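Chains as they are written, first to last, in my numbering: chain A, 1 to 485; chain B, 1001 to 1094.
Cβ atoms here follow ideal geometry from the backbone N, Cα and C, with glycine treated the same way.
Given the structure is predicted, the values throughout are model-derived calculations rather than measurements.
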Amino acid sequence: MEHVILPAWALLAYLASGVLFILALRGLSSPATSRAGNRYGMVGMAIAIATTMATQAPIPEGHWWPRPTPEDLVILAKICAAIGLGAVIGLTTARRIQMTAMPQLVAAFHSLVGLAAVLVGLAAYLNPHAFGILLPSGAISPDSRVEMGLGIAIGAITFSGSVIAFLKLNGNMSGSPILLPLRHVINLGTLLAILGLVGWFTQDESLWVIAAITVLSFIIGFLLIVPIGGADMPVVVSMLNSYSGWAAAAMGFTLHNTAMIITGALVGSSGAILSYIMCKAMNRSFISVIAGGFGAEASTGGGAAKEQRPWKRGSAEDAAFLLKEAENVIIIPGYGMAVAQAQHVLREMGDLLKKEGVNVKYAIHPVAGRMPGHMNVLLAEANVAYDEVFELEDIQGEFAQCDVAFVIGANDVVNPAAKTDKSSPIYGMPVFDVEKAKTIMFIKRSMGGVGYAGVDNDVFYMDQTMMLLADAKKMVEDIVKALAH
Amino acid sequence: MDFISILSIFVMACFVGYYVVWSVTPALHTPLMAVTNAISSVIVVGALVAAAAKGAAASSGLGLVAVTLASINIFGGFAVTARMLAMYKSKKKG
C-alpha cells in the first residue's frame, strides 16, 4: 500500500497532541484544574495544526526549508484565510452567546464537526492520492473505502441530526415530538441501506455509491431526531457529541493519524457515557429515547380525567417571611429557570437569605435543563459558588432536615409518582424527596400546565405546599423585594 | 502504520476515554461537551491535507470549506469553554 509515510517527528507530534487532549479532559475532574486542562487542549490543537501544515509544506529533496512556488503561496494564503474566517466567526459567537443558549450552541458546533467530516471524506474520495490511500493498481484501498464510507455516514447523521436538535432547542421548531407513520420501519430500512452501500462501496468505487451514502445519511439523521421531544434533548445532544467523535475517529483511520484516532475515541466515549448518565437519570432505556415520541400521548390525552383538588396559593411576601424564618433552604432549579433567565435574581435571593443566617443549598438533577450540566453553568454564571451546588445523591438525605424546598422551574424531578405510581410514565426515575421538607414552595406559571412527561404532580396538593404562581423571574424579584424590607 | 496498530491505539484510547470521562465532575458536564466539541475538530488535519493538495480543484475546495468549519469549532469551542470555566468559583475564594 502506498501510504504517505510521515517523518518520525510528525508522528510523535500527533501523539503529543493526542496526549494533551486526554489531559484536557482529565482537567475537568475539578473546577480548580479545569482551566489548565482547557489550555492543554488548545496547545494540543495548535500542535496538530502546525504539524499538518509543516508536513504539507513543499520541501524539495535535499533541502531543509520549504521552497514555495507562487502556486504554493496562493494555497497557503487561502488556508490562512479559511482559518482566519473560522476564528473570527468562532470567537465572536463564543463571546456573544448567552449562557442560557448553550445547548443550542453546542448542537450547532456538533453540526459543523459533522459537516466537516463529510467534506473531508468526500475530498479524500476525490483526491485519494493526497491522502495516501491509493493501491498500486490506482484504486482506493478497500479498507480505506469502508473507513471513508463510515466516516461520511456518521458525519452526515451528526450534521442533520444536530441541525434538527439546534432548531428544536432554539425554538425554531416545535419541541414536541413529531411522529411519522411507520417511522421505525423507514429508519431501520434506511440504516440497513446505508450499511449495504458501505459494503458495496468496497466492490464499486463509483461516485453514485458515495453520493447515495451521503444523501441517505443526511436523511436518516433528520428522521432520527425529529420524533424526539424537548426534555429528551440532553440525551440527544450527548449522543450527537458521541457521533461527532466517531466521525473524527473514522477519518483518523483513513489518514492513519493518531491525534484524530485518540480524539475520536475520547469524544466518542465521552458522549456515550453522558448519554448513559442521562438515560439512567430518567430511568429510560437508550432505545426508548431514540425511538422517540415520549410525552406525545399524555400531552394530547390528559385533561379530561383530571380531578379538581384543593391547593394553596402563596404570595411573594408569604414566601419571603417563611424563607427568612427557615434554617435550611434547598433550591431546586429546572429548565423553567433557564427560560425565565431567573438565575441572577435567584442568587440575589440566596445571598439575602444567607445574610439572615439561613443555610442555602442548591440541588441539581442530572437531567435538569436541556443538556448535561446546564443548570450548573447557569448558577456559575450567576456567581453561585460551586461548593454550594449539590448532585441528587449527595443532597437526598438532607430534605428531612430542610425547612423550605424551593422548586423553581422544575417539575418531573420532584414528582413522587416516580417512586409510588407504577403506571406513571416517569416511574423509576430518581427524584428529589421534597415531600420530606417542612414547607415546599413551588414556582409555576399557572396550575394548568403539567411537566414535560404530562403527568400531574401530587406535590401541588400537599398540605405543606405553597404554590407561587407567576413568571419565575418576576416571583423571585418580588421575594427579594419583600426580603429587603 | 498497519491497520492492527491503529486499531490498537483506538481501542486503548476508548478505554482511556472511558475512565477519564467518568472522573469528570457532573457540574462540568456542559464544559465537557464544549471542549470535546473543540477537540473533535482535530478533523481539521484531514481538511488541511485536502486543502493543501494540488491538482484536484474540487477536493481542495471541499478541504478549504472544511478548514473554515473546523476552525469555527476550534476557536469557538475553546473560547466558550474558557468563558464557562472562568465562572466556576469556590466559596472560599469568594
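query, result
"Sequence-distant residues of the same chain with beta carbon closer than 7 Å to A:E205, five excluded per side", "A139, I140, R145"
"Cutoff 7 Å; reference A:T100; Cβ partners in own chain excluding five residues on either side", "A338, Q341, L378"
"Length of the line joining the Cα atoms of B:G1017 and A:V185", "34 Å"
"Straight-line gap, A:V19 to A:A50 (C-alpha atoms, nearest Å)", "16 Å"
"Cβ-based contacts, 7 Å cut-off: residues of the region 7 to 40 of chain A near chain B", "F21, I22, A24, L25, R26, L28, S29, S30, P31, S34, R35, N38"
"Selection from A:V118, A:I426, A:A417, A:V476 that minimises the alpha carbon distance to A:F460", "A:A417"
"Every unbroken alpha helix (DSSP H) inside the region 205 to 249 of chain A [4 residues or more]", "207 to 225"
"Cβ separation of A:I443 and A:A472, assumed to be a contact under 8 Å, to the nearest whole Å", "5 Å"
"Cβ neighbours of A:N383 in the same chain (closer than 7 Å, five flanking residues each side left out)", "R347"
"Option nearest B:P1026 by Cα separation, candidates A:R35, A:N376, A:L468", "A:N376"
"Inter-residue Cα distance where the pair is A:L122 and B:S1071", "19 Å"
"Unbroken alpha helix (DSSP H) run spanning A:A363, endpoints", "Taken as a continuous stretch (DSSP letters only), A:A363 belongs to no alpha helix (DSSP H), being part of the beta strand (DSSP E) at 359 to 364."
"Test: B:I1004 CB closer than 8 Å to a CB of chain A", "no"
"Segment limits, alpha helix (DSSP H) that includes A:N38", "31 to 56"
"Through-space distance from B:T1068 to A:G86, alpha-carbon basis", "5 Å"
"Under 8 Å (Cβ pairs) to chain B, residues found in the region 377 to 390 of chain A", "V377, A380, E381, N383, A385, Y386, D387, E388, V389"
"Members of the region 92 to 118 of chain A near chain B, C-beta cut-off 8 Å", "T93, A94, R95, I97, M99, M102, L105, V106, F109, H110, L112, V113, L115, A116, A117"
"Limits of the alpha helix (DSSP H) - the one that A:F286 falls within", "286 to 291"
"Cα-Cα separation, A:F406 to A:I479", "12 Å"
"Nonlocal neighbours in the same chain, by C-beta distance under 7 Å from A:I219, ignoring five residues either side", "T190"
"Three-way DSSP call (helix, strand, coil) for B:T1025 in this model", "coil"
"Reduced DSSP secondary structure (H/G/I, E/B, other) of A:I133", "coil"
"First and last residue of the uninterrupted alpha helix (DSSP H) at A:T92", "70 to 96"
"Beta carbon of B:S1041 nearer than 8 Å to that of A:V113", "yes"
"Residue range of the beta strand (DSSP E) that includes A:A405", "404 to 408"
"Where A:E61 meets chain B, residues with beta-carbon distance less than 9 Å", "Per Cβ cutoff of 9 Å: no residues; A:E61 is ~17 Å from chain B at best."
"CB contact flag (A:D433, A:Q396, <8 Å)", "yes"
"Beta-carbon neighbours of A:N257, restricted to chain B and to distances below 7 Å", "V1045"
"Per DSSP, cross-strand counterpart(s) of A:I332", "A:V407"
"Within chain B, the residues that A:A87 reaches when beta carbons sit closer than 7 Å", "S1071, F1075"
"C-alpha distance - A:M441 paired with A:K361, whole-angstrom precision", "15 Å"
"Beta-carbon proximity of A:I487 to B:A1051, cut-off 8 Å", "Not covered by the structure: residue 487 of chain A. The range shown for chain A is 1 to 485."
"A:K444: first and last residue of the uninterrupted beta strand (DSSP E) it sits in", "439 to 444"
"Contacts of B:S1008 in chain A (Cβ-Cβ under 7 Å)", "None at all; the shortest Cβ gap to chain A is about 10 Å."
"Euclidean distance between Cα positions of B:N1073 and A:F109", "6 Å"
"Selection of the region 125 to 138 of chain A by Cβ proximity to chain B, strictly under 7 Å", "L126, N127, A130, F131"
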